[in-house]
Every structure is written in C-alpha cells, then in structure tokens.
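Respectively, the protein sequence lines represent chains A and B. Residue numbering for the first sequence follows the numbering used here, beginning at 1 and increasing consecutively. Residue numbering for the second sequence follows the numbering used here, beginning at 1001 and increasing consecutively. Taking it in order: structure first as structure tokens, then the write-up.
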Amino acid sequence: MISSTLLLVLFGLAVISSVAGVVGCYAFLRKRTLIGDAVSHAVLPGVAIGFMLSGTKDPIALLLGGLFFGYISIISIDLIHRKSKLSEDTAIAIVTTVYFALGSVLLSVVSSMENGQQAGLKNFLFGKVATLTELDIWVFSFAAIVVLVAVVLFFKPFSLISFNKDFAAAQGWKTNNYETLISVLTVLVITIGLQAVGVVLMSALLIAPAAAARYWTNSLPKMMIISALFGILSGVGGGLLSLVGEDMPTGPWVVMILFFFTMLTLLFAPKKGYFAIRRRTQSNERKINEENVLKILHQLGEMGKEEASIGEMLDKRRMDTTVLLKTIKTLKKEGFIEVKDSKKIRLTENGKIEAMRVVRLHRLWELYLTQQLKFKEDHIHGTAETIEHLITDELEEALLKELDYPDMDPHAKKIPY
Amino acid sequence: MNSIEVHNLTVAYQQLPVLWDVDFELPKGQIIGIVGPNGSGKSTLLKAIMELVPLSSGYVKILDKSLDQMRKHVAYVPQRETVDWNFPASVRDVVKMGRYQPGRLFKRLTDLDNQLVDEAIEKVKLTPFANRQIGQLSGGQQQRVFIARALAQGADVYLMDEPFVGVDVATEKAIMDLLQAMRDEGKTIVVVHHDLQAVTANFDYLVLLNTRLIAHGAIGDVLTSENLQATYGGQLNLFAQLQQIIQEKDFPIREKGFEDK
Ligand SMILES: Nc1ncnc2c1ncn2[C@@H]1O[C@H](COP(=O)(O)OP(=O)(O)OP(=O)(O)O)[C@@H](O)[C@H]1O
Ligand SMILES: [Mg+2]
C-alpha cells in the first residue's frame, strides 16, 4: 500500500538529492569538499535560531537561518585563513566544530521550549524524513528547483571559474560575484537537505555522487546528470529504508547506498574501473599469446616444418602448456590455424599472413634497435619481444621508411613481407 | 597607435613590490618577448595588464583604450600549471570557453562560434584530439589547447605566459610558426619566455624586466651585455662583490662586541 504522503516524501527526497548531486559537482571540481562539510555543520545554529524566532518548525525560517549561518561560516573560514596565517584545513576544522557546538547548545535550548521536541537534536544530526511535513517538502522542493535553474542558467561562468578562474576574469566575468553565487547555492542545498539527511552526513550527499560520477564520463554536463541520478537513487532508497523502522535515521541509510554506488563505480566504471583495467590486461595477454604461437609456427615453417605437434612447439619456445592449448583453440576459432587429424597444427593462409606480420615486426624492431639506436646485437632480443605486439600499422610504415625497406634482420634472418 | 601602454605601474604582494614603477609602450603587429629571471614579475606583469591583480599605482591602456572597453580584443593565455587538467572537459570544450563572453551569458554558442572553435583547433593541429579529455594529452598538446582557446577569442592582442615550457623542439617550432603567421596578420603577441636565444632568433621586440623595467625596444637595440647584466646579474653580482671584499680584507662576519644578548 503506497499512501500519497509517502509518494510526496519520496518526490521531495528525489528533488533535493538530485540537486545536491548537481551542485556537488562544482564543490568537487573546485576542491571545496571540506568546506561543504564545514557548512553543513555550521548551518545548525541557524536552524536553531530560525526555530526560536518563529516559535515552530517553519521551513522558511529554517532556510533563512541556515542560509545566513552557512554563508557566515564560509566567510569565517576565509577570514581566519587569511588573517591568522593558519592553514585552510585548520580554519575549516575550527569553524566546523565551533559552529556545530554552538548549534548543539542552541538546539538543546530549543528542545526545552514549547513545541521544541519537534526540533529534536538527534533528528537534525542524522536526518529523519518522517519529520518532514507537507509544507516542508513543497518549500524545499521549490528552493531546490530554483537552485537547479540557476545552475543551468549560469553554466558558462560556473564551469569557467571552476576550471580556470584567471582566464574567466580576463574575459571580463565578475568572478567574485559568481563564486559568491555558487557558495550561496551550495549553502541553500545543504540547508534544504538537512532535515532529511542530517548535519553529519549531508556533505556525503553533496560530494559522493559527484566523485562517483566523475568516473563514468569526461563531460561536465553528463557528469552532472549522472551525479543527480546517484543522488536520487541514494536519497529515495535511503528514505524508503529508513521508513521501515520506527526510530531509524535517514542519513546513514543514504550514505550506505551512496557507498554502494561508489563501490560499484570503482569496480565497473569504464576505463578506470577495476574490471575495465582487468579486461584490458587480459586482452593484451591474449594478443601476446596468440602472436607468439603464430610466430612459433612461422619459425618452424622456415625450418621446413609445415606442421607441428604441441611437443614440437613447446621445444621451440617455452610456454605454459595450458596457455598454449587455450591459445590454439582461439586461433583455430579465428581461422588462423587448422588442426589435422594427426593432431598436428598448421597455419591457414590467413594465419600465414598474420604470422608473417608478427615476425616482420619483431625483426624490423630488432634491426631498428641495432642500426638506429646502436644496441648490441646480443642484447636486443628481450626488448624486441614485447614491443612487437605494440607496433601499429602506422608505426610499421614509419619503421620501414626509416630502415629503407630492409631484407635481413641483424641475425641475418629474412624479413618476410 | 601602441598595442599596450603601461604607465607607472607598481604591484605589491603583502607590501613587497614585485613590479616597481614600470613604464613602457609596446608596438602593434610584433612578437614581443618579456624576459627576466625567476620571480622578476613577468607573470605578474601580464596579470596586471589583465587586471587580475590589484595595482598599487599606475594604469594600463590597450589599443589606446581601457581594458574594459577592449576585453574582446585581448586574449590571455595563463601558465599551464595553473589549472587542474583532470577537469571533465574535452579539447573542444576548453577551446569553446574562448567563445564565452559575459555579454552573451544566456546565449547558446552559434554556428559561427563553433566554426571559429574548429578553426582554432585546426590551427594548433589538435583536430585528431578534439574529443579527447584534456588530461590525456601531453604537456605540449595541453599548451596548444590553451593557445587554441585564445585563438578562438579572435583577439588582436595576445598575452601568453610561458607557452614554450615543457614543449619539445617540434612543437616549439610549430607554435613559433603559428605566432609568426598571426603577426603577419597584424596581431600583437606578447610572450613570456625563458630562452633568450630563441627570443633573439624569432621575436621582434623585447622587454627586459627585473622588478623594475631594465629596457625595452627592438631586439637589436636592447640586447646589450650591459642590459643583460642589469637583468640577470643584478643582485648576484652585488653579493659576489661583497663576498670578495669580505675575503680580501679578512672582514669578520660578525662584529665583536655586538653579539646578540
Ligand atoms: N599570489 C602571490 N602572493 C604573494 N607573492 C606572490 C604571489 N604571486 C607571485 N608572488 C611573488 O611575486 C614575485 C614575482 O612573481 P611572478 O610570478 O610574477 O614572477 P615570474 O617572473 O613570472 O617568475 P617565473 O619565471 O618563476 O614564472 C615572486 O617573488 C613571487 O614569489
Ligand atoms: Mg611566471
């Protein structure tokens, strides 16, 4: 049974967390991840004061209070850093803890007020979607959409200052104003996410989706979309899971799901993920093995043996027997070799061409090493072994030109064309 | 008309002047080298011209007008190390940034913009790499991305901070040819460069800088041993002479009776 309240809550979570994912991309790319954490701790006093002034848990008072203190905290970090010669991370640590302590004190005062239990400290620390009222959700969703529109409208200056601020300023952009605007938008996102996710873990919803999304693409707009998706899945998923139990905070669930996506990314991301890297090494190894087997057959052919048994091949070159058998299977499937009834192996026409290519590259490279780079003849075989598998057609052409289409390799073996 | 005029320019970081009362005019349509030892204020000079650092005194004119009036006619190429090349952007994305203008904040790039971007990429010979992420380029290629971005701006005056750093001989030649072709189209190119020999061989005009302006003018007029001594020898020479005096006269390094209590 899905109630309309539940749907509304999930909708609100989706909007809030997707916008956090988008804005988080800028925080991540501008290397402001620690500041995001500081701000989310620092909005706590604002939330408490907003409650004190309005006397109830009013989303607009909460937004204004959070916005004010969040922004003040950014200015404080900057001031402490510049005026006191303390390093930036020290300044961040000071601001994070002091504002957080202040907020905790104020919130415990609030809890003793009339209506105060609504603003239970624990709910703000770790977030609780169940405390969101319908009004909260409408106000927060509206604010989130305003942020989203701003991010889209100001894509040019925002991406410019994130990549190269001096260049942006040289083009005449008012970089300080745009930096302030990004900061304000970030604070706003943090404040609207606070009730759902909580002070302690809000920065994870800001940064983790962006950090994971960076693995999946090299384009900023796409990164923002992917980051938003990770945000939505974690926000909504975490919200649902936390609603299962009576007394369950939302933030930790959100972060658990974020962690899951981060792990997924590290494993499966294209190019930089674990499996992509493994696939690459494996396909390299396979290529090397195949080319080596073809080379063996070609060399045996040069010695007058058109067919060879496994044993004869192993005599020619040391190789792991299982690897050899497996490679023979693939080569057969690819039509480079055929296996006779006598279990003897011979090259097909295609196989001969391919084997010639490999041997040619090996010998050309050896020649290049001795002739152009003046390596000693007896030192080169090992080096040529790996390189031959890497030489592309263009490189081969360049080698041939440089060596003036030679006939013999340094060991006086024929270079096959 | 001058391309750039710098009048009584002083720039200080935390009270310490890095540029001191610098005053010069630069001609149009030439390749102009800015040369000086490390820390002599070359980068700061370019930043001051682009108003990226606050000026303690003085002012700058570009093509006889203020920078704000001439923004679209100047292009700035920062030092390559000043950005993070892991940024999620392709070569084309970065060169497109050259077509961004504050006056066209909400406008999409037009077909003409995209054409200018493609031409700029073509000129620096990066067309085969146009869609590659910028972190997957060599140092020399990254440098050319920055130059392409400036070309896409379609400016008349170009300020380039060390475009030849970390660039191999072939790329250096390619960039140099490009700069000369730009000059022949009437563009002015101001280049911070470390290699005095390359400057002498390929540039038209020279500014020698060491916090203060040492000299400026056509290469042949400026490149005297006296000027070079003043540019590079300055402090070092003074120290060397002091050291010699100490040795010759057997001067005590610490004066007796004045030890710190
Ligand atoms: N942001 C800054 N804050 C404080 N001092 C600075 C700053 N930037 C530069 N400086 C100092 O100003 C002086 C001039 O720096 P600048 O970068 O202009 O020199 P440069 O001639 O470009 O040197 P290089 O050849 O090493 O690039 C140096 O002593 C440097 O330490
Ligand atoms: Mg410099």
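Backbone N, C-alpha and C define an ideal beta-carbon position, used for all residues, glycine too. Note that the structure is a prediction, hence the values are computed from the model and not measured.
Checklist entry - So, helix, strand or coil for Y1013(B), using DSSP? => result Position 13 of the second sequence, counted from the first residue, corresponds to residue 1013(B). Here DSSP, grouped into helix, strand and coil, assigns Y1013(B) to strand.
Item to check | Backbone secondary structure at K326(A) - three-state DSSP | outcome: If you number the first sequence from 1, residue 326(A) lands on position 326. DSSP places K326(A) in helix when its eight states are reduced to three.
Checklist entry - Between the Cα of G1166(B) and the Cα atoms of A1148(B), I1147(B) and Q1143(B), which residue gives the shortest distance? => result For the purposes of this step, residue 1166(B) is taken as residue 166 along the second sequence, with counting starting at 1. Put simply, of A1148(B), I1147(B) and Q1143(B) the residue whose alpha carbon is nearest the alpha carbon of G1166(B) is Q1143(B).
Next on the checklist: Between which two residues does the alpha helix (DSSP H) holding A210(A) run?
Outcome noted: Indexing the first sequence from 1 puts residue 210(A) at position 210. First-last of the alpha helix (DSSP H) with A210(A): M202 to W216.
Checklist entry - When burial is assigned at 16 or more other CB atoms within 10 Å of the CB, is K1047(B) buried or exposed? => result Reading the second sequence from its first residue, position 47 is the one you call residue 1047(B). With 16 or more Cβ atoms within 10 Å of its Cβ, K1047(B) is classed as buried.
Item to check | Residue environment, D136(A), which counts as buried when at least 16 other CB atoms sit within 10 Å | outcome: Numbered from 1 along the first sequence, position 136 holds the residue referred to as residue 136(A). By the C-beta density criterion, D136(A) is buried, having at least 16 other C-beta atoms within 10 angstroms.
Next on the checklist: Under 7 Å, CB to any heavy atom of ligand 2. Which residues pass, going along the chain?
Outcome noted: Taken from the N-terminal end onward, the list reads K1042(B), S1043(B), Q1079(B), D1161(B), E1162(B) and V1192(B).
Item to check | Cutoff 7 Å: G172(A) Cβ touching any chain B Cβ | outcome: Here the question's residue 172(A) lines up with position 172 in the first sequence. Closer than 7 Å: yes.
Checklist entry - Among A196(A), E354(A), M223(A) and T250(A), which residue has its Cα nearest to the Cα of A213(A)? => result Taking the first residue of the first sequence as position 1, residue 213(A) is located at position 213. In terms of CA proximity to A213(A), M223(A) leads the group A196(A), E354(A), M223(A) and T250(A).
Item to check | Closest Cα partner of V9(A) within the set L29(A), F140(A) and H379(A) | outcome: Working through the first sequence from its first residue, we reach residue 9(A) at position 9. Nearest C-alpha to V9(A): F140(A).
Checklist entry - Taking just the CA atoms, how far does K295(A) sit from T321(A)? => result As a first step, residue 321(A) is located in the first sequence; it is residue number 321 there, counting from the start. As a first step, residue 295(A) is located in the first sequence; it is residue number 295 there, counting from the start. Near 16 Å, if we compare the C-alpha coordinates of K295(A) and T321(A).
Checklist entry - Taking Cβ positions only, does Q1133(B) come closer than 7 Å to chain A? => result In the second sequence, the residue the question calls residue 1133(B) occupies position 133. Yes, because at least one Cβ of chain A sits closer than 7 Å to the Cβ of Q1133(B).
Checklist entry - Around the Cβ of N289(A), are there at least 16 other Cβ atoms within 10 angstroms (buried) or fewer (exposed)? => result Within the first sequence, the letter at position 289 stands for residue 289(A). With 16 or more Cβ atoms within 10 Å of its Cβ, N289(A) is classed as buried.
Item to check | is_contact[V1145(B), chain A] using C-beta, thresh 7 Å | outcome: Counting from one through the second sequence, the residue named residue 1145(B) turns up at place 145. Not a single CB atom of chain A sits nearer than 7 Å to the CB of V1145(B).
Item to check | Segment contact, 8 Å Cβ cut-off, at least three pairs: the segment 262 to 280 of chain A with the segment 44 to 62 of chain A | outcome: With the cut-off at 8 Å, the segment 262 to 280 of chain A and the segment 44 to 62 of chain A do not touch.
Checklist entry - Going by DSSP, what residues sit across from Q1133(B) in a beta bridge? => result To locate residue 1133(B), count along the second sequence from 1; it is residue 133. BP columns for Q1133(B) point to S1090(B).
Checklist entry - For the segment 217 to 229 of chain A, which residues have a beta carbon sitting closer than 7 Å to at least one beta carbon of chain B? => result Cβ contacts with chain B: T217, N218, S219, L220 and M223.
Item to check | Within chain A, the residues that Y1205(B) reaches when beta carbons sit closer than 9 Å | outcome: The residue labelled residue 1205(B) in the question sits at position 205 within the second sequence. None at all; the shortest Cβ gap to chain A is about 22 Å.
Next on the checklist: Just to confirm before moving on: does the CB-CB distance between G103(A) and G251(A) stay below 7 Å?
Outcome noted: Here residue 103(A) refers to the residue found at position 103 when the first sequence is read from its first residue. Here residue 251(A) refers to the residue found at position 251 when the first sequence is read from its first residue. Against a cut-off of 7 Å, the Cβ pair of G251(A) and G103(A) comes out as no contact.
Checklist entry - Is the Cβ of D166(A) closer than 7 Å to any Cβ of chain B? => result Translated into positions along the first sequence, residue 166(A) becomes position 166. Under the 7 Å criterion on CB atoms, D166(A) is classed as interfacial with respect to chain B.
Checklist entry - Is there at least one Cβ from chain B nearer than 7 Å to L160(A)'s Cβ? => result For the purposes of this step, residue 160(A) is identified with residue 160 of the first sequence, where counting begins at 1. Chain B places a beta carbon closer than 7 Å to that of L160(A), counting this residue as a contact.
Item to check | the segment 1042 to 1060 of chain B: positions lying closer than 8 Å to chain D by Cβ | outcome: In the displayed structure, chain D is absent; the protein chains listed are A and B.
Checklist entry - Of all the options L324(A), T217(A) and W253(A), which has the alpha carbon lying nearest to the alpha carbon of G273(A)? => result In the first sequence, counting from the first residue as 1, residue 273(A) sits at position 273. When each option's Cα is compared against that of G273(A), the closest is T217(A).
Item to check | S1040(B): CB within 6 Å of a non-hydrogen atom of ligand 1 | outcome: On the second sequence, residue 1040(B) is found 40 positions in, with the first residue counted as 1. Answer for S1040(B): yes, Cβ within range of ligand 1.
Checklist entry - Do V199(A) and ligand 1 come close, with the Cβ less than 6 Å from some heavy atom? => result Position 199 of the first sequence holds residue 199(A). Distances from the CB of V199(A) to the heavy atoms of ligand 1 are all 6 Å or more.
Item to check | chain B contacts from the segment 141 to 153 of chain A (Cβ-Cβ distance under 9 Å) | outcome: Going along the segment 141 to 153 of chain A in chain order, one finds L153 with a Cβ nearer than 9 Å to chain B.
Item to check | Sequence-distant residues of its chain with Cβ nearer than 6 Å to V1096(B) (five each side left out) | outcome: By one-based count along the second sequence, residue 1096(B) stands at place 96. Residue identity differs from the one stated: residue 1096(B) is Lys in this sequence, not Val. Same-chain partners within the cutoff: V1117.
Item to check | Cross-chain neighbours of F163(A) in chain B, by beta carbon under 7 Å | outcome: For the purposes of this step, residue 163(A) is taken as the residue at position 163 of the first sequence. Against chain B, the beta carbon of F163(A) has neighbours under 7 Å at V1083, F1087 and A1089, listed in chain order.
Checklist entry - Using a C-beta cutoff of 7 Å, does K316(A) count as contacting chain B? => result Against the first sequence, residue 316(A) aligns to sequence position 316. Taking Cβ atoms only, chain B never reaches closer than 7 Å to K316(A), which makes this a no.
Next on the checklist: Tell me the rounded alpha-carbon separation between I337(A) and T1127(B).
Outcome noted: Residue mapping note: residue 337(A) aligns to position 337 of the first sequence, counting from 1. Residue mapping note: residue 1127(B) aligns to position 127 of the second sequence, counting from 1. If you take the alpha carbons of I337(A) and T1127(B), they lie about 41 Å apart.
Item to check | Y1158(B), DSSP secondary structure in three states | outcome: For the purposes of this step, residue 1158(B) is identified with residue 158 of the second sequence, where counting begins at 1. Y1158(B) carries a strand assignment under DSSP once its states are collapsed to helix, strand and coil.
Item to check | Three-state secondary structure assigned by DSSP to A1240(B) | outcome: Your numbering for residue 1240(B) matches position 240 in the second sequence. A caution first: A1240(B) carries a pLDDT of 45, below 50, which makes its placement in the model unreliable, though a value can still be read off. In this structure, A1240(B) counts as helix in the three-state DSSP scheme.
Next on the checklist: 7 Å is my cut-off, CB to CB: does K156(A) come that close to chain B?
Outcome noted: Start at 1 with the first residue of the first sequence, and residue 156(A) comes out as number 156. Interface annotation, K156(A): in contact with chain B, CB-CB separation under 7 Å.
Item to check | Start and end residues, alpha helix (DSSP H) containing N164(A) | outcome: For the purposes of this step, residue 164(A) is identified with residue 164 of the first sequence, where counting begins at 1. Per DSSP, N164(A) belongs to no alpha helix (DSSP H) and is neither H nor E.
Checklist entry - Taking all protein chains shown into account, do 16 or more other C-beta atoms lie within 10 angstroms of the C-beta of P157(A), making it buried, or fewer, making it exposed? => result Here residue 157(A) refers to the residue found at position 157 when the first sequence is read from its first residue. P157(A) is buried by the Cβ-count criterion.
Checklist entry - Which residues does DSSP pair with V1060(B) in a beta bridge? => result Counting from one through the second sequence, the residue named residue 1060(B) turns up at place 60. According to DSSP, residue pairing for V1060(B) in a beta bridge involves V1006(B).
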